[in-house]
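In terms of numbering that gives the first Met the number 0, the sequence shown opens at residue 0 and continues consecutively.
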Amino acid sequence: MSETRTARSPLTAALIVVGGILAVMWVLEIIDTVTLNSLDAYGIEARQISDLPNILWSPLLHFGWIHLIGNSVPFLVLGVLTYLSGAVRWVVTTVVSTVTSGLAAWVMSATGSITAGASGVIFGYLTYLLVRGIFSKKISQILIAVVVFGLYGGVLLGVFPGVPGVSWQAHLGGAVGGVLAAYLLHSRTSGTRRQTTSY
0 MSETRTARSP LTAALIVVGG ILAVMWVLEI IDTVTLNSLD AYGIEARQIS DLPNILWSPL
60 LHFGWIHLIG NSVPFLVLGV LTYLSGAVRW VVTTVVSTVT SGLAAWVMSA TGSITAGASG
120 VIFGYLTYLL VRGIFSKKIS QILIAVVVFG LYGGVLLGVF PGVPGVSWQA HLGGAVGGVL
180 AAYLLHSRTS GTRRQTTSY
């Protein structure tokens with residue numbers, strides 16, 4: 000007796016993975032609400048050595064429902080678009096953006112402030128999608144960048160100081176991380192392609 004298995008489409012896999020992480024954020028916010036904001040303490044307190052590990056999970060935590068709801072749609076949309084580049088590229092972009100965003104918040108935020116939320120990673124996804132076409136020279140990726148910029152380009156102003164209580168430091172760090180990830184993941188392949196076709 001033979002069996003056939005239908006391969007899961009890349010979009011389905013992206014929705015499951017990114018949507019699953021988003022679901023974890025919502026569950027954690029429910030727990031945070033029930034426990035009277037006890038999880039907020041696991042954000043990143045500026046220049047506290049003991050809070051450095053919090054960089055890894057602070058993107059999953061939010062300061063209330065308005066904060067989480069505001070991050071949910073761009074995290075899902077940009078996360079899925081990044082995942083469609085490939086699971087490994089999504090992992091690299093997520094990790095690099097998480098670390099650079101968290102470190103920027105840890106180094107540059109005001110003393111005593113605590114930073115949490117997915118927006119640093121969102122900025123990483125955004126800049127990754129915007130600049131990867133520059134490194135890969137792929138027309139399809141450049142066209143996607145144009146669409147993404149049209150939809151979300153305005154939020155790039157969030158890398159500058161402005162709204163009180165909003166961590167422009169985390170946004171800036173995440174944006175730098177997205178560019179770094181695009182460079183690491185795409186510049187070598189485009190360089191290899193040029194070498195193999197130059198002769």
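C-beta atoms are modelled at their ideal positions from N, C-alpha and C, and glycine is treated no differently.
Please read all numbers here as calculations on a predicted model, not as lab measurements.
First through last residue of the alpha helix (DSSP H) which encompasses residue i
i      : result
Arg131 : 118-135
Gly69  : 64-82
Phe148 : 138-151
Ser100 : 86-107
Phe168 : For clarity, residue 168 is Gln in the given sequence; the question names Phe instead. Residues 167-181.
Own chain, CB closer than 6 Å to residue i, minus 5 neighbours either side, in chain order
i      : result
Tyr198 : With a pLDDT of 29 at Tyr198, under the threshold of 50, the modelled position of that residue is not reliable, and no figure is offered here.
Arg88  : Leu184
Asp31  : Leu38
Ala104 : Ile43, Thr114, Ser166, Gln168, Ala169
Tyr151 : Leu125
Three-state secondary structure (DSSP) of residue i
i      : result
Thr114 : strand
Gly190 : At Gly190 the pLDDT is 45, less than 50, meaning the model places this residue with poor confidence; the figure from the coordinates comes in the next sentence. In this structure, Gly190 counts as helix in the three-state DSSP scheme.
Gly19  : helix
Thr32  : helix
Contacting residues, own chain, Cβ-Cβ under 7 Å from residue i (five flanking each side not counted)
i      : result
Ser71  : Leu21
Phe126 : The sequence as given places Thr at residue 126; Phe does not occur at that position. For Thr126, where only same-chain residues beyond five positions count, the Cβ hits under 7 Å are Ala174, Gly177, Val178.
Ser108 : Ala45, Thr114, Ser166, Gln168
Phe148 : Leu129
Glu28  : His61, Trp64, Leu67
Thr93  : Val120
Gly161 : Trp167
Integer Cβ distance of residue i from residue j, believed to fall under 8 Å
i      : j      : result
Gly153 : Ala144 : In fact, because the Cβ distance is near 15 Å, the residues do not count as touching under 8 Å.
Val91  : Leu14  : Between Leu14 and Val91 the Cβ distance is about 20 Å, and since that is not below 8 Å, they are no contact.
Met24  : Leu59  : 5 Å
Leu16  : Tyr82  : Before going further, note that residue 16 is Val rather than Leu in the sequence given. Right, their Cβ atoms sit about 6 Å apart.
Ala181 : Val130 : 5 Å
Close beta carbons around residue i, own chain, < 8 Å, minus the five adjacent residues each side
i      : result
Leu102 : Ile54, Gly172
His170 : Ser100, Ser118, Gly119, Phe122, Gly157, Val158
Leu10  : Val79, Leu83
Ala86  : Ala12, Val16
Should the stretch 96-111 be called in touch with the stretch 49-62, which here means at least 3 C-beta pairs below 8 Å?
Note that the stretch 96-111 touches the stretch 49-62; at least 3 beta-carbon pairs, one per stretch, sit closer than 8 Å.
Would the stretch 74-85 count as touching the stretch 27-40 if we require 3 or more Cβ pairs under 8 Å?
Taking 8 Å as the limit for Cβ pairs, the verdict is that the stretch 27-40 does not touch the stretch 74-85.
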